[in-house]
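A short worksheet on the structure shown next.
Numbering (my numbering), first residue to last: 1193 to 1514.
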């Protein structure tokens, strides 16, 4: 029976080490939420990092067995790999570049070397699991090289790739020293998906200008294969949010806030701590509002919920301090 193998940097379950014991908890990421229904359908498998550094082989085997029971296969990464592959190339090079913050991008050969090595580690893990009839679905910017690696090992494999962040204009992509390797890595897939047609057009333009491959009407012609590119806007888990909004806990919180802020208008801001979210700018804008329009003082409140994120990346640590 054919399966879908979902491959992402993180598993939908994170493993925590506390007081000499291990606990397994659902991950908070949007990718885990968005793909949950597909992952739970049939005998599909999710491959990714479980979120901790294992101490020894018995612990690794225990985690592997527990996750396997829930149709997950872990890829274990070391602290140095997370530092250079994840915090380094993924989030200090690709993330700022793809979000139009290229002035914050860091270019380190050691980071790139780790990125290649970890993508190869994921490739080995997928090849150990994938059968000839399985569909391999690779996700996001941490694994841009993986489709091509899989294609070289399994030329006939059915491979999809989806990018969950923006794909910028080719003027930004071309400043990356490893631009051709990254584009060719993505082109190992049969189908490449983006959230919007704008991102899709940027990718087609980059492939055409930087690799010289014909790209028209969502079809790219490489020297050996045709690759389909399209936009697939990802929705949210409406049922989950609707049930949460209708819960007694939510009603109690709403009543508490309405009582505390009875006579004021409320601006609610919820974000992960990230320079792409404009959090500092939002605070300055609210301060400017009260300066320019003093009649709003005491009449409007700003509530900001900010979730800590990527504290080990310099730009995020600086934003948190600010």
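All residues carry an ideal CB built from backbone N, CA and C; glycine is no exception.
Under the three-state DSSP convention, the category residue i falls into
i: residue 1294; result: helix
i: residue 1378; result: helix
i: residue 1314; result: helix
i: residue 1309; result: helix
i: residue 1407; result: strand
i: residue 1390; result: helix
i: residue 1489; result: coil
i: residue 1398; result: helix
i: residue 1281; result: helix
i: residue 1219; result: coil
i: residue 1204; result: coil
i: residue 1288; result: helix
Sequence-distant residues of its chain with Cβ nearer than 7 Å to residue i (five each side left out)
i: residue 1285; result: 1297, 1298, 1299 and 1303
i: residue 1141; result: Residue 1141 lies beyond the stretch modelled for the chain, which goes from 1193 to 1514, so this question has no answer here.
i: residue 1453; result: 1493
i: residue 1398; result: 1362, 1365 and 1375
Cross-strand partners of residue i (DSSP beta bridge)
i: residue 1209; result: 1214
i: residue 1266; result: 1240
i: residue 1198; result: 1238 and 1329
Contact set for residue i: own chain, Cβ-Cβ below 6 Å, skip 5 residues either direction
i: residue 1334; result: 1201 and 1282
i: residue 1263; result: 1237
Limits of the beta strand (DSSP E) - the one that residue i falls within
i: residue 1498; result: 1492-1499
i: residue 1383; result: 1383-1386
N- and C-terminal bounds of the alpha helix (DSSP H) containing residue i
i: residue 1250; result: 1249-1260
Ignoring anything shorter than 3 residues, give me the beta strand (DSSP E) runs that lie fully in the region 1329-1369, in order along the chain.
1350-1354
| query | Which whole runs of the beta strand (DSSP E) in the region 1410-1484 are 3 residues long or more, in chain order? | reply | 1411-1413, 1418-1423 and 1457-1464
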